[in-house]
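As structure tokens, the structure follows; a few thoughts come after it.
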Amino acid sequence: MKLFNKKSWSLLLFLAVSAPTIMAKSPDEGMFPLSELSRAGLKNAGLKISEKDIYNPGKVGLVDALVQVSGCTGSFISSSGLIITNHHCAFSAVQLASTPIDNYLRNGFVAQSHEQEIEARGLTIRITDSYEDVSDKILAAVAHITDPSERITLIKKKQQELVEEAQKQDPTIKAEVSEMFIGKTYVLFRYKTIEDVRLVYIPRQTIGEFGGETDNWVWPRHTGDYSFLRAYVGKDGASAKFSKDNIPYQPKKFLKVNPKGVNENDFVFILGYPGKTFRHRPAQYIQYQQNFLLPYVSNLYEFQNERMYEAGKTDRATALALATRIKRNANVLKNYKGKLKGLRNIDLINTKKKDDQALAAFILSKPDLKSKYGSLMSEIDGLYTLINQDAYKELWMNNIYTSTSLMRIAREINSFKLTLQQQNSSEQQKAFFEANKENVKTALLEIYESYSNYADERILAHMFADAQAFQGNNQIETIQKLKLRDANLANAYGSQLIRNTKLNGCTQVLNQILSSPNAFLAFSDPLLDFQNSLNQDIQQFAVEQKRRDGILNKLMGDYVAVKEMYQSKNFIPDANSTLRLTFGNVKGYSPVDATYMNPFTTIAGIIQKGNLGETDFDYPSEIKTAWENKNFGPYVKKELNDVPVNLLYNMDTTGGNSGSPIMNAYGELIGVNFDRSYDATINDFAWNDSYSRSIGVDIRYVLWVADKIDHAQFILKEMGI
Ligand code: GLU
């Protein structure tokens, strides 16, 4: 790994040196970039290894055992590329490998040999190879630019240039420039990608998803949310597409698993790729979330899921095809509802407003700041007034394609049609058609794979009714032109569009349109016409969105800069899917008056929940038998006289931290992070020790299930247990 250029962190480092009290503080909020470990206070908090054992540029550290897998995190736990992550992170790949007969989603999957491992379709693995600060280069490119759209375009262009330069220097890596502070700090990351990933051991659904949606984002929890994958590369060690000839990848580092687990109050830390947090945002941002985005999206997803459940009720194949979509929606919608509850509970808008007022006063108190940032707060206000005026239109447009498969199909077809039309001659058209037709087919098939006509019809109808009710700036021209007088007529119109479209029949569509360029061009359909017209509205609005993004980028850069000057406390950038460390303790909490939640759950709790008789709490009978016989093996936690199933801790995590290894003071793996408590969903806006708790699966439960229930002893052997 190359040394991280710490130049732009100099202010932060200065603060750390000049404020030693922070070092002695108990663990606090913080998803620390690796360059900031020295000021995290890890030793004082209880770390027993050197920080260099975790991250040591140019040498091997624990970070080299970390992988990013889809939107999740995972870690290598053997020299043969074995990876542990969450069950929900491998979910889509398990779904794709499943059929109603070989239903690995329901029954689980144990490969007793390498040959039995199954391709994990759609999953790739990324490893962080090195990184460097490139803020100076990016900001120099926009130093004299005042036009917001141009600013965004140039920032993107410069990012792309740096990416290409880095990839040219080393063609084996994929580069990415990540914005650490919006409009202010940029870091170039170099990643290695592994394309051949396989399913090794997946627990059955009644273990991996025990508790289902009822328990999602909930403590006390009893979910075996783990899975084992393996990374494969070509014989030459380089990344290669799936092939029987590939060999297991040998990571630079793998984590040692400690089967003894941890105790209450023990120091723990997590390395992972947290997705996105929004803590350095003004009150208006939180207001937008609370008033528009969170209620709109959660209501829409709730409606979608109700329709998709209905669609799959009597048809197992449809249920399977929609499983991932339903699960993702449900996960987001419950998170958003948790956020709405939390935002009201702590009245974050008002707290933020007060913070912003103090910030405004600070600006006015210093002449140099006043001249540079005097209008900052009112400009932020102005921008959000604008954003709020057509917030519903924006949300509707942002969701129309993800909500309805046939609208996505129509977009694919129309966009290919357009490029075909733009070819200069019929020869060129033919050549272009032949060169791209397989890609188009694959893209369309992929959408059809999780398509339900029943759900699509009802969801589009619902969105038509929504749009019909929009007033003023929120009106959408294409819908408005239809002059639908009321919600019922709008609903019926949307519904008819799906009923009348020829795009319903997958094979028929593909056979007809993909037979020749002329057939493709001649294919017409009311849904294609509707998509074309709507697309024009969306494109037009995109110009305005880009302009606003440009303004926001500049304003947020300034906001963060002032906040950093104002706060004596150290500043940690929001999460942005780059590698971070967070630490804390195994710790219970008191989410509501007169309660105390213990930090460990046990198998006894699985049995208790199972007694409720709800399907979400079905569990394998073998678990009960083993528990009744006290067949706990070495995985028992003596004080509990049971196997610990899940654990709770006060670390700072978010989506993307799913699958992150939880390590003890010696850097040994003792669990896998997979969720937060309901109250902690609000972490993304504001972290607090009183309500922020994350949830992991205890390694002792993983090992117990593998050993006693699933008879996957080979896994234990490979991990050196
Ligand atoms: N369970 C979470 C999710 O699926 C991941 C972890 C988190 O957000 O805390 O999004």
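Residue numbering for the sequence shown follows our numbering, starting at 1142 and increasing by one per position.
Ideal Cβ placement from N, Cα and C applies to all residues, glycine included.
All figures in this text were calculated on a predicted structure; none of them were measured in a lab.
Distance CB(residue i)-CB(residue j) smaller than 8 angstroms
i: aspartate 1270; j: isoleucine 1224; result: no
i: threonine 1822; j: tryptophan 1360; result: no
i: isoleucine 1335; j: threonine 1265; result: yes
i: alanine 1372; j: glycine 1523; result: no
i: glutamine 1677; j: arginine 1552; result: no
i: glutamine 1926; j: alanine 1584; result: Limits of the chain in this structure are 1142 at one end and 1862 at the other, which puts residue 1926 out of reach.
i: proline 1925; j: tyrosine 1367; result: Residue 1925 is absent from the structure shown; the chain starts at 1142 and stops at 1862.
i: leucine 1561; j: leucine 1662; result: yes
i: glutamate 1258; j: arginine 1339; result: yes
i: arginine 1362; j: threonine 1742; result: yes
i: serine 1556; j: tyrosine 1592; result: no
i: leucine 1303; j: valine 1275; result: yes
i: glycine 1365; j: valine 1846; result: yes
i: phenylalanine 1864; j: lysine 1397; result: For the chain, the structure presents residues 1142 to 1862; residue 1864 sits outside this window and is missing.
i: threonine 1418; j: asparagine 1798; result: no
i: phenylalanine 1173; j: leucine 1722; result: yes
i: lysine 1863; j: phenylalanine 1758; result: In this structure the chain extends from 1142 to 1862, so residue 1863 is not present and cannot be described.
Neighbour-count burial assignment, residue i, 16 or more Cβ in a 10 Å radius
i: aspartate 1848; result: buried
i: phenylalanine 1155; result: Since pLDDT at phenylalanine 1155 reaches only 27, below the 50 mark, its modelled position is unreliable, and no value is offered.
i: lysine 1511; result: exposed
i: methionine 1860; result: buried
i: serine 1167; result: Low confidence applies here, because serine 1167 scores a pLDDT of 44, under 50, leaving its location unreliable and the question unanswered by this model.
i: proline 1161; result: With a pLDDT of only 30 at proline 1161, under the threshold of 50, the placement of this residue in the model should not be trusted, and no figure is reported.
i: leucine 1144; result: Because leucine 1144 sits at a pLDDT of 27, beneath the cut-off of 50, its placement in the model cannot be relied upon, and the following sentence gives the value as read from the coordinates. The residue is exposed, with fewer than 16 neighbouring Cβ atoms inside 10 Å.
i: serine 1254; result: exposed
i: valine 1158; result: Note that valine 1158 has pLDDT 28, beneath the 50 cutoff, so the model's placement of it is unreliable and the number below is only indicative. Per the 10 Å Cβ criterion, exposed.
i: serine 1544; result: buried
i: alanine 1165; result: Residue placement at alanine 1165 is poorly supported in this model, since its pLDDT is 33, which falls under 50; the coordinates are not used for a value here.
i: tyrosine 1737; result: exposed
i: phenylalanine 1383; result: exposed
i: isoleucine 1242; result: exposed
i: leucine 1152; result: Legend: pLDDT at leucine 1152 = 28, less than 50; position of this residue unreliable, value from coordinates given subsequently. With fewer than 16 Cβ atoms within 10 Å of its Cβ, leucine 1152 is classed as exposed.
i: alanine 1683; result: exposed
i: lysine 1622; result: exposed
i: histidine 1852; result: exposed
Cβ-heavy atom distance, residue i to the ligand GLU, below 7 angstroms
i: threonine 1364; result: no
i: asparagine 1472; result: yes
i: arginine 1485; result: no
i: serine 1439; result: no
i: histidine 1229; result: yes
i: arginine 1817; result: yes
i: asparagine 1791; result: no
i: threonine 1795; result: yes
i: alanine 1544; result: First, the residue type needs correcting, since residue 1544 is serine and not alanine in the sequence shown. It does not: the Cβ of serine 1544 is nowhere closer than 7 angstroms to a heavy atom of the ligand GLU.
i: asparagine 1446; result: no
i: serine 1211; result: no
i: asparagine 1829; result: no
i: asparagine 1798; result: yes
i: serine 1591; result: no
i: serine 1835; result: yes
Exercise for review: Mind listing, in chain order, the continuous beta strand (DSSP E) runs of no fewer than 3 residues lying wholly within the region 1313 to 1363?
Suggested key: 1315 to 1322, 1326 to 1335 and 1337 to 1343
Point to revise | Segments assigned beta strand (DSSP E), at least 3 residues, entirely inside the region 1263 to 1318 | key: 1266 to 1274
Check your understanding: Between the region 1216 to 1235 and the region 1284 to 1302, are three or more C-beta pairs nearer than 8 angstroms?
Key -> no
Review point. Does the pairing of the region 1774 to 1784 with the region 1833 to 1844 give three or more beta-carbon distances under 8 angstroms?
Key: yes
**Study point:** Three or more C-beta pairs below 8 angstroms linking the region 1697 to 1712 and the region 1381 to 1397
**Key:** When C-beta atoms of the region 1697 to 1712 are compared with those of the region 1381 to 1397, fewer than three pairs fall below 8 angstroms, so the two segments do not count as touching.
Review point. Counting Cβ pairs closer than 8 angstroms, one from the region 1176 to 1191 and one from the region 1795 to 1809, do we hit at least three?
Key: yes
Check your understanding: So does the region 1478 to 1495 actually touch the region 1431 to 1441, counting three or more Cβ pairs closer than 8 angstroms?
Key -> yes
Point to revise | Validate contact between the region 1786 to 1799 and the region 1807 to 1817 using beta carbons, cut 8 angstroms, 3 pairs | key: Verdict: yes, contact present.
Point to revise | Complete alpha helix (DSSP H) runs within the region 1176 to 1236 (minimum length 4 residues, chain order) | key: Runs found: 1183 to 1186 and 1192 to 1195.
Check your understanding: Of all the alpha helix (DSSP H) runs that stay within the bounds of the region 1452 to 1528, which reach a length of 4 or more residues?
Key -> 1457 to 1487, 1489 to 1506 and 1508 to 1514
Exercise for review: For the region 1459 to 1468 and the region 1235 to 1247, state whether three or more C-beta atom pairs, one from each stretch, are separated by less than 8 angstroms.
Suggested key: Judged by Cβ distances under 8 angstroms, the region 1459 to 1468 makes contact with the region 1235 to 1247, as three or more pairs qualify.
Exercise for review: Could I get the ranges of all uninterrupted beta strand (DSSP E) runs contained in the region 1710 to 1796, with 3 residues as the minimum, in chain order?
Suggested key: Correct list: 1721 to 1726, 1741 to 1743 and 1785 to 1790.
Review point. Counting Cβ pairs, one atom from each stretch, are 3 or more of them under 8 angstroms apart for the region 1601 to 1619 and the region 1629 to 1638?
Key: yes
Review point. Should the region 1718 to 1728 be regarded as contacting the region 1404 to 1421, the criterion being three or more beta carbon pairs within less than 8 angstroms?
Key: yes
Check your understanding: In chain order, which continuous runs of the beta strand (DSSP E) of length 3 or greater are located wholly inside the region 1822 to 1862?
Key -> 1835 to 1839
Review point. Do the region 1744 to 1764 and the region 1344 to 1355 meet, that is, are 3 or more Cβ pairs less than 8 angstroms apart?
Key: yes
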